[in-house]
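In what follows, a structure is listed as structure tokens, so that the remarks can point back to it.
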Amino acid sequence: MAKLNAYSEQEDGQWTVKGFIDVFKNIYTISADTKIVSKILEIHIFPELLKFADEAGYQIVLADHQNYYPDISFVALDDPTIKFAVDLKTTYRLQDKPGYCNGFTLGSHGAYFVDRAGKKNIQFPYNEYTAHYCLGVIYDRALKTDLDETRVYDITDLESITSVISHLQFFLTEKWKIASDKSGSGNTANIGSINNVEEIVAGAGMFSRLGESWFDDYWMNYGKISISLPTGVTKKITDLESFLVYRGGDPSLIVHKHGSRKRALSE
256 MAKLNAYSEQ
266 EDGQWTVKGF
276 IDVFKNIYTI
286 SADTKIVSKI
296 LEIHIFPELL
306 KFADEAGYQI
316 VLADHQNYYP
326 DISFVALDDP
336 TIKFAVDLKT
346 TYRLQDKPGY
356 CNGFTLGSHG
366 AYFVDRAGKK
376 NIQFPYNEYT
386 AHYCLGVIYD
396 RALKTDLDET
406 RVYDITDLES
416 ITSVISHLQF
426 FLTEKWKIAS
436 DKSGSGNTAN
446 IGSINNVEEI
456 VAGAGMFSRL
466 GESWFDDYWM
476 NYGKISISLP
486 TGVTKKITDL
496 ESFLVYRGGD
506 PSLIVHKHGS
516 RKRALSE
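If you number the sequence shown the way the working numbering does, the last residue is 522 and the count never jumps.
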């Protein structure tokens, strides 16, 4: 991760990418739109990922289609049955909530997640991957008052341009370790992440003490199991504690949200 930081940041923490350049050497600043920042970040660090793969004896296989999982498959050159799924995720720190970020999604819990041998919307069948990783970047967004997206800069102004993001924090962890028990970003087919920065970097998500098998079981059955409440009302299970009680698991192993009373009691 230190190499990625050195590659991506100036000494003052600003992103080394300043904008787009045309053949006339005009520089156009990058929009603060998170989707644009995310895509450029992916492009920017890709050469470093290629170097890493070459040094480690792997080839990189990119997803054939935009909506395929994962973003990158690392396949061992000496044994192609060894594969690692790596999704690139970026998000920004919340200025009004120190220590927290906006969170992100960790892939679908639909077709390929349930049918582990299936090939729908996935580069290789899910069960062919040795592990599933999230390579993430958490950053600060520049203040709107520090940016002027309407201005065109000359190449000689390069050093004076304020980067749209700064203080990049890279992390790599298996995705189940940073998962929450809620779907992400308004899309019920996607697994949501936790959003406490310290816990993300440490891989201390809700399932981190339960194990990957509980993560798989929960998300393969998310919203599919119905239980009857004492009131007589029937509801579908969409929270981890109810699921563990239903399955006979140990709810005390849930890592609850940072600072919550339940978390303090369980540790």
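The C-beta atom is built at its ideal place from N, Cα and C for all residues, glycine as well.
Taken atom to atom, the span from the alpha-carbon of Thr336 to that of Ile377 is near 16 Å. Phe279 counts as exposed, since fewer than 16 other C-beta atoms from the protein chains shown sit within 10 angstroms of its C-beta. Here Glu429 is near Tyr388, since their CB atoms are less than 8 Å apart. Assigned with DSSP and collapsed to three states, Ala366 falls in helix. DSSP, read as helix, strand or coil, puts Asn445 in strand. Boundaries of the beta strand (DSSP E) around Ala340: Lys338 to Tyr347. In the DSSP assignment, Glu429 forms a beta bridge with Tyr388. Counting the other Cβ atoms within 10 Å of the Cβ of Gly354 gives fewer than 16, which makes it exposed. Residue Gly447 holds the alpha-carbon nearest to the alpha-carbon of Phe470 among Gly447, Ala457, Thr489 and Thr486.
Asp436 carries a strand assignment under DSSP once its states are collapsed to helix, strand and coil. For Tyr262, DSSP assigns no beta-bridge partner whatsoever. DSSP, reduced to helix, strand and coil, places Ile393 within a strand of the structure shown.
Pairing Lys290 with Thr486, the inter-Cα distance amounts to about 44 Å. Here Leu484 carries a coil assignment [DSSP, helix/strand/coil]. Three or more Cβ pairs closer than 8 Å define a contact, and the region 356-370 falls short of that threshold against the region 462-469. As computed with DSSP, Ala318 is found in no beta bridge at all. Between the region 343-359 and the region 390-408, the count of Cβ pairs shorter than 8 Å is three or higher; the stretches touch.
DSSP, reduced to helix, strand and coil, places Ser418 outside both helices and strands of the structure shown, so it counts as coil.
Counting every other CB atom within 10 Å of its CB across the protein chains shown gives Tyr381 a total of 16 or more, marking it as buried.
By the Cβ test, the region 409-417 is not in contact with the region 317-327, since fewer than three Cβ pairs between them sit closer than 8 Å. Taking 8 Å as the cut-off, the Cβ atoms of Glu297 and Lys338 do not count as close. Under the DSSP assignment, Ile327 falls in the beta strand (DSSP E) whose first and last residues are Ile327 to Ala331.
In the structure shown, Lys290 falls within a helical segment according to DSSP collapsed to helix, strand and coil. Phe307 is not bridged by DSSP to any residue. For Asp342, the number of other beta carbons within 10 angstroms of its own is at least 16, and it is reported as buried. With a threshold of 16 other beta carbon atoms within 10 Å, Asn451 meets it and is buried.
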